[in-house]
Structures are given as C-alpha cells and as structure tokens.
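Right, one structure below, let's go through it.
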Amino acid sequence: MLFNALSASPALDLQAYADVDHFRESERYVQASSIPLTAAPPSILRASLSLPSATLSLVRTFPRIINGYELSDRLVFVVPMDRVASARLNGQAVRHSIIVLKGSANCTVFEPEPRLVAILSIPSDHLALKWAELSAGYLLLGLPGDSLAFIQTLIQSTLRFAAHQSKPIDVHQLLAIQGTLFSALDEEFHRGAFEGGKANIAERYKRIIDHIDDAIMSTPASNKTCDELANELGISVRTLHTAAQSICGAGIHQYRRLRQLWLVRQHLRMGYPGLTVKATALAHGFWHMGEFSRMYRAAFGEVPSRTLIEAQGKPASIPCK
Numbered sequence: 001m002l003f004n005a006l007s008a009s010p011a012l013d014l015q016a017y018a019d020v021d022h023f024r025e026s027e028r029y030v031q032a033s034s035i036p037l038t039a040a041p042p043s044i045l046r047a048s049l050s051l052p053s054a055t056l057s058l059v060r061t062f063p064r065i066i067n068g069y070e071l072s073d074r075l076v077f078v079v080p081m082d083r084v085a086s087a088r089l090n091g092q093a094v095r096h097s098i099i100v101l102k103g104s105a106n107c108t109v110f111e112p113e114p115r116l117v118a119i120l121s122i123p124s125d126h127l128a129l130k131w132a133e134l135s136a137g138y139l140l141l142g143l144p145g146d147s148l149a150f151i152q153t154l155i156q157s158t159l160r161f162a163a164h165q166s167k168p169i170d171v172h173q174l175l176a177i178q179g180t181l182f183s184a185l186d187e188e189f190h191r192g193a194f195e196g197g198k199a200n201i202a203e204r205y206k207r208i209i210d211h212i213d214d215a216i217m218s219t220p221a222s223n224k225t226c227d228e229l230a231n232e233l234g235i236s237v238r239t240l241h242t243a244a245q246s247i248c249g250a251g252i253h254q255y256r257r258l259r260q261l262w263l264v265r266q267h268l269r270m271g272y273p274g275l276t277v278k279a280t281a282l283a284h285g286f287w288h289m290g291e292f293s294r295m296y297r298a299a300f301g302e303v304p305s306r307t308l309i310e311a312q313g314k315p316a317s318i319p320c321k
C-alpha cells in the first residue's frame with residue numbers, strides 16, 4: 001500500500017477522514033457527492049502536494065456511487081494506482097483508464113470496491129493547447145501498460161519525495177516536479193486512445209438516471225411507481241431497470257431507496273434546532289418509522305437519531321456495561 005510509505009511533512013499534507021460525512025466536505029468544491037454502498041466504517045485517506053499551478057493528490061476511497069462534477073475552469077486527471085477494474089463511469093467500464101474531466105462533467109461513477117487513485121488538478125490557463133482544446137465533459141484515456149506504469153511510478157516517487165522533506169520544497173524544485181508531470185501527460189496523450197462522452201446506449205441510460213435523480217430531488221416525498229416513471233420517459237419498465245443496473249450497479253428500487261436515504265442523512269447532518277427524525281423521514285417519503293430506521297441503519301451503520309444527535313453536537317448516550 002502506497003500510503004504506508006507516506007507521512008505528513010512540511011511539503012505533503014496527509015489527512016484521514018473519520019467518516020463519509022467529513023469526506024463530503026472535500027468534494028464540495030467540485031460539486032460532487034459520494035453515496036456509500038456499504039455500512040462498514042470506511043478508511044479514507046488523502047495525501048496532497050501543492051504545486052505552483054496544480055495540485056497532486058492521492059486518495060484511498062470506499063465503495064460508493066459518485067455524482068458530479070462541476071470543475072468550472074479546471075482539467076482533472078484521475079489516474080488509477082491500483083489493479084481494480086470494476087468501476088464504471090456513466091455505464092462505461094473504466095478498467096485501468098485515466099479519467100479526464102473538464103468543465104461541467106455530468107458523471108455518475110459506480111465504484112463497488114475501494115480505490116486508490118491519484119488526482120492531478122490543473123487550472124485551464126496552464127494547460128497545453130492539446131488539453132485546452134478538449135470539450136467539456138469526460139473522456140477515458142486508455143494507455144499501453146508500460147505508459148500507465150510510467151505515470152504511476154512518477155506519481156509515487158513524487159509523493160514519496162515530498163513525504164521525506166523536513167521543510168517546504170523550494171519553488172524551483174516544485175516547478176521542476178510540475179513540469180515533469182505535465183510533460184509526461186503530454187507525451188502519453190499521443191500514445192493513448194480516447195473513448196467516452198459519446199451518444200451511445202450508456203448515455204441514454206445516464207439520461208434516464210438523471211431524470212430519476214431530478215424527480216427525487218424536486219419531490220422527495222413522492223413515491224412514484226416504476227410504471228409512472230417509465231411512462232414519463234416513454235420507455236418500458238424493463239429499460240428503467242436496465243438503466244439503473246448499468247449506471248448505478250443496482251436495481252431501480254434499491255437505487256431510489258439508497259438515494260432517498262442519503263438525502264435524509266444529508267438533511268439530518270444539518271442539525272437544525274427543532275429538526276426531528278420523524279419529520280425528516282416523512283418529508284422524504286418514508287411513512288413507517290420502524291422500517292425506515294432499519295433501512296437507514298443497514299445503509300449507514302447507525303440509527304438516524306444518532307446522526308442527528310451528533311450533528312447537533314449533543315453527547316450520545318453510552319450503554320452501561
């Protein structure tokens with residue numbers, strides 16, 4: 001594990017997140033949101049190196065569905081640092097490709113396994129012409145095995161170098177590190193093969209999921225049937241289920257329920273005075289409190305009242321032994 005070789009230093013920031021809720025704070029600047037797929041406590045780590053015109057991060061993630069991104073004036077490279085090949089982006093298999101995100105990239109990423117990824121974020125005004133000319137959205141850059149290994153090794157050595165510094169890295173060294181990273185990506189641009197962002201069946205499925213998400217967000221208390229949703233979209237119920245499975249890795253009922261539960265959790269985490277679990281659950285279409293509590297605990301590993309208590313800063317009770 002690469003993180004075992006890293007430690008915080010004056011040059012490298014290393015942060016461990018206590019839970020998914022704290023990790024959400026780091027996603028807000030790109031308008032993304034991760035919904036956990038398991039109730040097990042995640043082990044989330046992030047190492048970050050600030051460069052003169054970019055930021056290089058290494059992130060250990062958790063099983064999740066990610067919705068986003070809005071990158072405004074940035075280009076982001078997401079480099080796989082592991083051998084996991086199960087992730088899908090808008091229904092397309094990511095495998096070992098580098099994900100390239102630019103501007104407004106409406107993505108749903110399904111990650112059924114924890115990932116180890118490096119993220120290089122570059123402002124648009126510092127991009128080489130070939131990257132600046134890319135359209136907004138997302139692309140998958142597939143590289144030959146030796147090319148990907150070269151990029152991975154370069155990132156590993158860069159982060160290890162930063163971890164072993166006893167003082168901040170000199171700006172001239174940072175510029176050299178940044179130049180090496182930029183040059184490596186520019187060179188591999190010509191060796192790789194792009195795919196993604198095309199008007200294919202996966203994109204059609206993504207539009208179906210977007211419609212479902214919009215319906216849940218606009219009328220959270222509504223529990224439309226699959227027949228009603230399918231009629232609105234002019235598709236069959238079977239296509240509705242296929243879209244959910246393709247984009248989100250779950251059946252339509254399971255995905256909608258998880259999305260609704262996640263909205264409840266986000267609401268409870270606000271911790272407003274006078275906020276109650278029952279009122280929040282009812283507002284999101286959960287009418288049976290016992291069933292709701294069981295589903296919530298199965299999804300997030302705690303009862304909803306604990307989420308609210310912690311958000312309001314009240315001490316949680318400790319069972320007597």
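Each residue of the sequence shown is one higher than the one before, starting from 1 at the first, in the working numbering.
Note that the Cβ used here is the ideal one computed from N, Cα and C, for glycine as well.
Checklist entry - Are at least three pairs of beta-carbons, each pair with one atom in the stretch 157-169 and one in the stretch 97-108, less than 8 Å apart? => result no
Next on the checklist: Looking at the secondary structure, which residues open and close the alpha helix (DSSP H) in which Lys206 lies?
Outcome noted: Taking the sequence shown and counting its residues from 1, one reaches residue 206 at position 206. Segment Ile201 to Ser218, the alpha helix (DSSP H) holding Lys206.
Next on the checklist: For Ala5 and Gln152, I'd like the C-alpha separation in whole angstroms.
Outcome noted: Position 5 of the sequence shown holds residue 5. Position 152 of the sequence shown holds residue 152. Taking the straight line from one Cα to the other gives about 15 Å.
Next on the checklist: Once the 5 residues before and after Gln165 are set aside, which same chain residues still bring their CB inside 7 Å of it?
Outcome noted: As a first step, residue 165 must be located in the sequence shown, where it is residue number 165. Excluding residues within five positions, the ones whose Cβ falls inside 7 Å are Ser9, Pro10 and Ala11.
Next on the checklist: If distances are taken between C-alpha atoms only, which option among Tyr296, Phe150, Pro112 and Leu140 comes closest to Gln260?
Outcome noted: In the sequence shown, counting from the first residue as 1, residue 260 sits at position 260. Ranking the options by Cα distance to Gln260, first place goes to Tyr296.
Checklist entry - Whole beta strand (DSSP E) runs in the stretch 124-202 with 3 or more residues, listed along the chain? => result 137-142 and 193-195
Next on the checklist: Within the continuous alpha helix (DSSP H) that includes Tyr69, where are the two ends?
Outcome noted: Taking the first residue of the sequence shown as 1, we reach residue 69 at position 69. It is not in any alpha helix (DSSP H) - Tyr69 instead sits in the beta strand (DSSP E) that spans Arg64 to Pro80.
Next on the checklist: Which residue marks the beginning of the alpha helix (DSSP H) containing Val20, and which one marks its end?
Outcome noted: The count along the sequence shown starts at 1 and reaches residue 20 at position 20. Element bounds for Val20: Val20 to Glu27.
Checklist entry - With distances taken between CB atoms, is the gap from Lys324 to Ala215 smaller than 8 Å? => result Limits of the chain in this structure are 1 at one end and 321 at the other, which puts residue 324 out of reach.
Checklist entry - Starting from Tyr272 and walking both ways along the beta strand (DSSP E), at which residues does that stretch end? => result On the sequence shown, residue 272 is found 272 positions in, with the first residue counted as 1. From DSSP, Tyr272 is part of no beta strand (DSSP E); its letter is neither H nor E.
Checklist entry - With 16 other CB atoms within 10 Å as the buried threshold, where does Tyr29 fall? => result By one-based count along the sequence shown, residue 29 stands at place 29. It counts as exposed.
Checklist entry - So what's Val84 in DSSP terms, helix, strand or just coil? => result Here residue 84 refers to the residue found at position 84 when the sequence shown is read from its first residue. In this structure, Val84 counts as coil in the three-state DSSP scheme.
Checklist entry - Of the residues Trp131, Thr219 and Gln92, which one's Cα is nearest the Cα of Asp73? => result Along the sequence shown, read from residue 1 onward, the residue named residue 73 stands at position 73. Among Trp131, Thr219 and Gln92, the Cα nearest to that of Asp73 belongs to Trp131.
Checklist entry - Looking only at C-alpha atoms, which of Glu232, Asn200 and Ala193 sits nearest to Ile212? => result For the purposes of this step, residue 212 is identified with residue 212 of the sequence shown, where counting begins at 1. Nearest option by C-alpha distance: Glu232.
Next on the checklist: Quick check: what's the CA-CA separation for Val100 versus Leu75?
Outcome noted: The count along the sequence shown starts at 1 and reaches residue 100 at position 100. The count along the sequence shown starts at 1 and reaches residue 75 at position 75. C-alpha separation (whole angstroms): 7 Å.
Next on the checklist: Can you tell me where the beta strand (DSSP E) holding Thr61 begins and where it ends?
Outcome noted: The residue given as residue 61 occupies position 61 in the sequence shown. From DSSP, Thr61 is part of no beta strand (DSSP E); its letter is neither H nor E.
Item to check | CA nearest to the CA of Lys278, picked from Trp287, Leu229, Gly271 and Ala85 | outcome: One-based indexing of the sequence shown puts residue 278 at position 278. Considering only alpha carbons, the answer is Trp287.
Checklist entry - What does Tyr17 pair with, by DSSP beta-bridge criteria? => result On the sequence shown, position 17 is the one that residue 17 refers to. Beta-bridge pairing links Tyr17 to Ile44.
Item to check | Nearest residue (CA-CA) to Ser384, options Leu240, Leu51, Gln92 and Ser183 | outcome: With the chain covering 1 to 321 only, the question about residue 384 has no answer from this structure.
Checklist entry - Rounded to the nearest angstrom, how far is the Cβ of Gly142 from that of Ser246, given a contact under 8 Å? => result On the sequence shown, residue 142 is found 142 positions in, with the first residue counted as 1. On the sequence shown, residue 246 is found 246 positions in, with the first residue counted as 1. Contact doesn't hold; Cβ gap of about 20 Å is too wide.
Item to check | Continuous alpha helix (DSSP H) assignments of at least 4 residues falling wholly in the stretch 224-265 | outcome: 226-233 and 237-248
Checklist entry - Since Ala311 is in the alpha helix (DSSP H), which residue starts that stretch and which ends it? => result Here residue 311 refers to the residue found at position 311 of the sequence shown. That run of the alpha helix (DSSP H) goes Pro304 to Ala311.
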